[in-house]
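This report concerns only the one structure given below.
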Amino acid sequence: MIASDSITHRDSPWRRGRCHALWLHQRGCCFHCGCAMPDPLAQRPRHRLRAGTSATIDHVLPRSLGGMEAWLNEVAACRTCNSAKADRLPLAVELWRLAWLKGDRLAAHALEPEAVLASLRQQEVAGAEVGAILQGDHDALAIGAVAVRIE
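Each residue of the sequence shown is one higher than the one before, starting from 1 at the first, in my numbering.
Below is the structure:
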């Protein structure tokens, strides 16, 4: 088997489903720059790895700096913005956008970055157990490669 043909963790069906759910929740727009991104499930893997506008999962608080791998810390971002952000800590404006995007649970803490981060850490267990639970018009749970609508 050739390495380029194998499914890597970054492009596994489960991860693409999770990215698709975040993409739906954000109505196909990058969290950072607002550009339109193609549907992650509609693109072939090799195109996803090259295109600058491809949707990726960005951890607002980077995992390398203690951020959790849970829905409350994840957003859909274009490959260009995600690469540019790298493993930097989020700015206050990014924390505010995250609070706004994720809903009222975090909105009260939006002006205090430390409180937002503390709230995200408290939600880690619930978010990790369930997967990617999204609220709003496009509520979905990413299970495998399928986004299932939650009523």
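All residues carry an ideal CB built from backbone N, CA and C; glycine is no exception.
Taken in chain order, the unbroken stretches of beta strand (DSSP E) that lie wholly in the stretch 65–107 and span 3 residues or more are 74–78. Leaving aside the five residues that flank G67 on each side, the residues in its chain whose CB is nearer than 6 Å to its CB run, in chain order, H59, L61, N73.
When only Cα atoms are considered, C78 and E69 end up about 18 Å apart.
Closest option to L98, judged by alpha-carbon separation, among R63, Q26, R18, S83: Q26. In this structure, the CA atom of T56 is about 17 Å from the CA atom of L101.
Taking each of L91, F31, A76 in turn and checking the Cα distance to R16, the smallest one comes out for A76. A direct Cα-Cα distance of roughly 20 Å separates D87 from L22.
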